[in-house]
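Before any comments, here is the structure.
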Amino acid sequence: MKKVRMILAALVSLMLICSVAACSKQDASNSAPAQKVSLTVSAAASLKDSMDEVQANYAKENPNVTVTINYGASGSLEQQIENGADVDVFISAATKQIDQLKAKGLTMDDTITNLLGNKLVLIVPSDSKANITDFSGVTEDSIKKLALGEAKSVPAGQYAEEVFKQLNILDQIKGKSVYGKDVKEVLTWVATGNADAGVVYETDAKTSDKVKVVAVAADGSHTPIVYPATIIKSSKNVDAAKAFMAYLSGPQAKVVFEKYGFTVLAK
Amino acid sequence: MDLDPLWISLKTAITATLATFFLGLITAWLVAGYRGKFKGFIDGVLTLPMVLPPTVVGFFLLLLLGKNGPFGEILYLLGTAIIFSWPATVIAATVVAFPLMYKTARGAFEQIDINTINAARTLGASEWKVFWRVAVPLAWPGIIAGTILAFARALGEFGATLMVAGNIPGKTQTIPVAIFFAVENGEMEQAMTWVFMVFLISLVLMSVMNYWVDAQRKQAPAGK
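As structure tokens, this is what we get:
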């Protein structure tokens, strides 16, 4: 029993020492002169890789601003904001979500900016033997499972639906469609081979070598893909948010976005 | 309103409960009778799906059943896939419901007076007879409780289901999945309806189980 008590005492003291050390570490950083600002940005899932890089670059130039990015389907992010989530900046993959927020009076309307553009592509696993050259090819029997974003909350799913509707095959493919909660999930399903084909953005396809693009949606086959950004009205860090938004429209961010395959719309 | 999620959920939960019933019952009996050193460890492993986050369960199932997994590869060669199919909902539900059935049944078996079991053995009953004709009837209230718990859990399974069965309306979209996407899509009324339905079913089940088990316990104490 004595031994157990000694071990217990040692553990408790170890924990106390660690927490004191952690506390003192925090104190040291808090004594830095600049005011620390924390920004929360909700961004469409397809922006993950590019925004991570933009954020890292921004952090180097603005060490007193901590930007936390929350990725998800634009519809989900919109829901979160409508339900009171503490978000400063919202970047959506479609205008629908921002329009809906605007209609509910949740946006700072004069900050709404069309940031980026993208292309919609049809992908298959890179080792797929299916012979498809355009979007109508998904009706082939070799495509047993078609991965799409859930149309009502995932813009990529919404755009895909428009394309298939225009080709008059939307009802036909319903039986083989499986719906993901964001475009990255759709990409993963195709990359792992669990889906035989999927519709994602060109920028997503570029991030994975396990998929290959077999078709690009023609202009006019869907609503133009526009990524608007806005500051949320309830933001408590409007100045910092404005500075970040300006950065997103600036030259350094442009380089990063174009690297990942986005079209930069901001002048 | 499209009632598909209700039928899919019921189909899945009933099938999963049937599978869990037999698997859980037999495993509980075997572990209850096992007196070796590894009893605690084996019990721990069998209880894991209940304590692990459903996403962990979903992850392992995906590894096993996915195209690149051991089972998935075989199925792929046969031209089918389990991922994104209705059987996947049953597998996910069974895996998470199993520990509930197993634990409850095992507890029920261990409550039985060992003398009754041994008496049956000395009277020449085969192990199967001892199990099916002596132990199971004596442990019946506990077994039923476990079955109802398993059903409720199977009905409510979400995380692992979404990961391996996906969201395919009319095929794998169970009620919990429908609720999730209804909320994501801003369809609050739809979500509310489903929530209410599941709430009602689960509450009724749990209450009925409690009353029934109490009544059984008052009538016939196990094995004495």
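Chains A and B are the protein sequences, given in the same order.
Going left to right, the first sequence walks through residues 1 to 267 as the numbering used here numbers them.
Going left to right, the second sequence walks through residues 1 to 224 as the numbering used here numbers them.
By construction, the Cβ of each residue, glycine as well, lies at the ideal position given by its N, Cα and C atoms.
Along chain B, which residues have their Cβ under 9 Å away from the Cβ of residue i?
{"i": "GLN79 of chain A", "result": "VAL183, GLU184, ASN185 and GLY186"}
{"i": "ALA73 of chain A", "result": "GLU184"}
{"i": "LYS181 of chain A", "result": "LEU162, ASN167, PHE180, PHE181 and GLU184"}
{"i": "SER50 of chain A", "result": "Under the 9 Å cutoff, chain B gives no residues; its nearest Cβ is about 24 Å from SER50 of chain A."}
For residue i and residue j, what's the separation of their Cα atoms in angstroms?
{"i": "LEU205 of chain B", "j": "LYS37 of chain B", "result": "38 Å"}
{"i": "ILE91 of chain A", "j": "ALA246 of chain A", "result": "13 Å"}
{"i": "ALA32 of chain A", "j": "SER208 of chain A", "result": "Only weak support is given to the placement of ALA32 of chain A: the predicted model assigns it a pLDDT of 48, under 50, and the value that follows is read from those uncertain coordinates. Using only the alpha carbons, I get a separation of about 41 Å."}
{"i": "PHE41 of chain B", "j": "LEU200 of chain B", "result": "37 Å"}
{"i": "SER235 of chain A", "j": "GLY107 of chain B", "result": "55 Å"}
{"i": "LEU14 of chain A", "j": "ILE7 of chain A", "result": "10 Å"}
{"i": "ASN167 of chain B", "j": "ALA73 of chain A", "result": "15 Å"}
{"i": "SER136 of chain A", "j": "ALA217 of chain A", "result": "11 Å"}
{"i": "LEU3 of chain B", "j": "TRP189 of chain A", "result": "27 Å"}
{"i": "MET1 of chain B", "j": "GLY175 of chain A", "result": "19 Å"}
{"i": "PRO169 of chain B", "j": "LEU116 of chain A", "result": "32 Å"}
Going by beta-carbon coordinates alone, are residue i and residue j separated by less than 8 Å?
{"i": "ALA28 of chain B", "j": "ALA105 of chain B", "result": "yes"}
{"i": "LYS119 of chain A", "j": "ILE225 of chain A", "result": "yes"}
{"i": "VAL251 of chain A", "j": "ASN114 of chain A", "result": "Reading the sequence as shown, one finds Pro at residue 251 of chain A and not Val. No, they are not a contact pair."}
{"i": "ASP109 of chain A", "j": "ASN237 of chain A", "result": "no"}
{"i": "THR80 of chain B", "j": "THR12 of chain B", "result": "no"}
{"i": "ALA93 of chain A", "j": "ALA44 of chain A", "result": "yes"}
{"i": "ASP182 of chain A", "j": "VAL154 of chain A", "result": "yes"}
{"i": "ALA227 of chain B", "j": "ALA97 of chain B", "result": "Coverage of chain B is limited to positions 1 through 224, which leaves residue 227 of chain B absent and any answer about it impossible."}
What residues from chain A crowd round residue i, counting only those whose CB sits closer than 7 Å?
{"i": "ALA67 of chain B", "result": "Here residue 67 of chain B is Lys; the residue named in the question, Ala, does not match the sequence. Within 7 Å Cβ-Cβ: THR192, GLY193 and ASN194."}
{"i": "PHE84 of chain B", "result": "LYS145, VAL178 and ASN194"}
{"i": "ILE201 of chain B", "result": "The premise fails here: ILE201 of chain B is roughly 25 Å from chain A at the closest Cβ pair, so nothing lies under 7 Å."}
Kindly examine the ligand FMN and report whether one of its heavy atoms sits closer than 7 Å to the Cβ of residue i.
{"i": "ALA94 of chain A", "result": "Of ligands this structure carries none, so the ligand FMN is not represented either."}
Please list the partners that residue i has in chain B, where partner means a Cβ-to-Cβ separation under 7 Å.
{"i": "GLU161 of chain A", "result": "Near GLU161 of chain A there are no residues of chain B at all, since even the closest Cβ is about 13 Å away, more than 7 Å."}
{"i": "THR76 of chain A", "result": "Position check: residue 76 of chain A holds Ser in this sequence, whereas Thr was assumed. Simply GLU184."}
With DSSP run on the structure shown, which of helix, strand or coil describes residue i?
{"i": "LEU265 of chain A", "result": "coil"}
{"i": "SER29 of chain A", "result": "Only weak support is given to the placement of SER29 of chain A: the predicted model assigns it a pLDDT of 48, under 50, and the question is left unresolved by the model."}
{"i": "ASN237 of chain A", "result": "coil"}
{"i": "LYS212 of chain A", "result": "strand"}
{"i": "SER249 of chain A", "result": "coil"}
{"i": "THR65 of chain A", "result": "Note on identity: in this sequence residue 65 of chain A is Val, with Thr being the wrong assignment. Strand at VAL65 of chain A."}
{"i": "PHE90 of chain A", "result": "strand"}
{"i": "ASN168 of chain A", "result": "coil"}
{"i": "PRO224 of chain A", "result": "coil"}
{"i": "ALA218 of chain A", "result": "coil"}
{"i": "VAL204 of chain B", "result": "helix"}
{"i": "LEU120 of chain A", "result": "strand"}
{"i": "SER126 of chain A", "result": "coil"}
{"i": "ILE168 of chain B", "result": "coil"}
{"i": "ALA151 of chain A", "result": "coil"}
{"i": "ASN68 of chain B", "result": "coil"}
Who are the neighbours of residue i on chain A, taking C-beta pairs under 9 Å?
{"i": "GLY58 of chain B", "result": "Within 9 Å Cβ-Cβ: nothing; GLY58 of chain B doesn't reach chain A, min ~13 Å."}
Closer than 8 Å by beta-carbon distance: list the chain A residues that pair up with residue i, in chain order.
{"i": "ASN118 of chain B", "result": "The contacting residues do not exist; ASN118 of chain B stays about 38 Å from chain A at best."}
Cβ closer than 8 Å: which chain B residues qualify as neighbours of residue i?
{"i": "GLU150 of chain A", "result": "ASN167, PHE181, GLU184 and ASN185"}
{"i": "SER249 of chain A", "result": "The contacting residues do not exist; SER249 of chain A stays about 29 Å from chain B at best."}
Please report whether the beta-carbon of residue i lies at a distance below 8 Å from any beta-carbon of chain D.
{"i": "SER126 of chain A", "result": "Among the protein chains of the structure shown, namely A and B, there is no chain D."}
In chain order, which alpha helix (DSSP H) runs of at least 4 residues are fully inside the region 82-119 of chain B? 86-111
Any chance you could list the alpha helix (DSSP H) runs of at least 4 consecutive residues sitting entirely within the region 122-167 of chain B, in chain order? 136-156 and 159-165
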